[in-house]
Amino acid sequence: MSDSNTGDIVVVGAGIIGVACALQLARQGQRVVVIDAQAPGNGASYGNAGHLATEQVFPIADVSILKRLPAMLMDPMGPLRLDWKYLPRALPWFVRLLLNLRPANYRRTVAGIRALNESSLGAWQRLLHSIDRAQLLREDGSLLVFERAESRVAIEALQQRMRQQNVPVAFWSSSDVRKAAPQLSDALQGGLFFPGTGHFLDPYHVVCELVEAAKAEGVQFLKQRVVDGRLTPDGVSLLTDQGTLTARQVLIACGAHSAKLTAALTGKTVPLDTERGYHLMLPQEPQRLPFAVTSFERKFIMTPMAGGLRLAGTVEFAGLERPANMRRAWQLHRLSQGLFRHDLSSQGATPWMGFRPSLPDSLPIIDRVCDGKVLLAFGHQHLGLTQAAVTAEMVAQLAAANALGDGLPALAAYRLDRF
3 MSDSNTGDIV VVGAGIIGVA CALQLARQGQ RVVVIDAQAP GNGASYGNAG HLATEQVFPI
63 ADVSILKRLP AMLMDPMGPL RLDWKYLPRA LPWFVRLLLN LRPANYRRTV AGIRALNESS
123 LGAWQRLLHS IDRAQLLRED GSLLVFERAE SRVAIEALQQ RMRQQNVPVA FWSSSDVRKA
183 APQLSDALQG GLFFPGTGHF LDPYHVVCEL VEAAKAEGVQ FLKQRVVDGR LTPDGVSLLT
243 DQGTLTARQV LIACGAHSAK LTAALTGKTV PLDTERGYHL MLPQEPQRLP FAVTSFERKF
303 IMTPMAGGLR LAGTVEFAGL ERPANMRRAW QLHRLSQGLF RHDLSSQGAT PWMGFRPSLP
363 DSLPIIDRVC DGKVLLAFGH QHLGLTQAAV TAEMVAQLAA ANALGDGLPA LAAYRLDRF
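To convert, count from 1 in the sequence shown and add 2; that's the working numbering.
This is the structure in structure tokens:
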């Protein structure tokens, strides 16, 4: 392929956010091309926990991270892991993370996450209904359980914090837990139930269905790697490993790989790093749970899906280049032991690791810059699936230079120029 004028907009990134955005843009009558080095949905969108995590309005780190830093460096199986070999590269990012834990900054972060999450369920309902696939999302709520009696104080404090953020939450006793999820262990003390959440039966299948809907709207999908980009008088020019693409606009939505192209087109260096997330898929356990269940003490989540039970969670900071430590995936099965009346079967289990794009203030970049030639939608950390549909609605309006409509979050918290 040589020089090619693709028309209106090129979407760089074929994950859940890029594909959802492409569909919304095409429905506005734009000619859209999606480009990615991988097939659609084969990055972080393939292996996420599948949880519509509208209740997770707090950033992954708090001030206790300073106390946990030695363990993060020394324990390769810990729930929050920092590879000591990666520390020199990660240190500037962690310094910015700590600065964003100051009270005023922390409050802005929580407000920004909450605004997106409050709009996420409705946006997903609209998107799935529009492609006649509402059945892919189960709106059954989710449960955070605790095992130790001494954890109850922390659970009740978390419930109060959630209520202060207008997150729907109810305290469940041990008998409530047994009634709703009878295969869980009797040793569980209780938990918090979040009725405004849900889970996807197969996150990768959701991407595939959106791809088919986008193709029906005329969206083209190209398997190419973007090498570089530049602004032109008429728009943007992207150099790929197969030639050059030109368009009026570009949307950068390639997750943890977005920083280089953003810098090339905008001149702005963004402090983007990656939370490496792991999952273990248990194909023999599709019926163990009625909804997603998270362990308060063990720091991981279990989500029932069409293909079995997915165990996911833990965070590892080790960059984009180091090989996956699949022991972390298998550790999830060990963490599950004791949470059920009968331990989960690991027969036929498959491990996975993916890169979740993370910025030090735990908020994504959603913006329109460079006189509208460059659109940005990346950095959603572990909430990419949750926030994909509402992000797509925001991007579609930004592409058309429209003010964001009622019911959508204000743009200020997500702008590029905050860095």
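Think of the CB as a built atom: it goes at the ideal place given N, C-alpha and C, for glycine as much as any other residue. Bear in mind the structure is a predicted one, so any value in this text is a computation, not a measurement.
What residues are listed by DSSP as bridge partners for D38?
K225
Within 8 Å, do at least three Cβ pairs link the stretch 157–165 to the stretch 258–270?
no
Could you check which residue in E277, P411, Y206 has the C-alpha nearest to that of A326?
E277
Exercise. From the DSSP output, in three-state form, read off Q251 for me.
Key: strand
- Message: For a quick check, are the C-beta atoms of V317 and R83 less than 8 Å apart?
- Response: yes
Just mark A183 as buried or exposed, buried being the case when its beta carbon has 16 or more other beta carbons within 10 Å. buried
- request: On the DSSP bridge assignment, give the partners of W126 in chain order.
  value: Beta-bridge pairing links W126 to no other residue.
So, for G193: in the same chain, excluding its five sequence neighbours on each side, which residues have a beta-carbon less than 7 Å away from its beta-carbon? L145, L146, V147, F148, W174, V179
*Simplified DSSP assignment, three categories, for S175*: strand
Keeping to the same chain, check which residues put their C-beta closer than 6 Å to that of L129; ignore five residues upstream and five downstream. A391
* In three-state terms, what does DSSP make of L273? -> Checking the sequence, you will find Pro at residue 273 rather than Leu. DSSP places P273 in coil when its eight states are reduced to three.
TODO: On the DSSP bridge assignment, give the partners of M304 in chain order.
DONE: V295, L313
Worksheet entry | Among H53, L247, H207, the one whose alpha carbon lies nearest that of Q226 | L247
- For the stretch 14–24 against the stretch 393–403, are there 3 or more C-beta pairs whose distance is under 8 Å? yes
Secondary structure of L353, DSSP reduced to three states:
Going by the sequence as given, residue 353 is Pro instead of Leu. Reduced to three states, the DSSP call for P353 is strand.
Check your understanding: L101 to H344, Cα distance in whole Å?
Key -> 44 Å
Figure out for me which residue from A106, G143, I19 has the closest Cα to the Cα of A125. I19
Identify whether S144 lies in helix, strand or coil by the three-state DSSP scheme. strand
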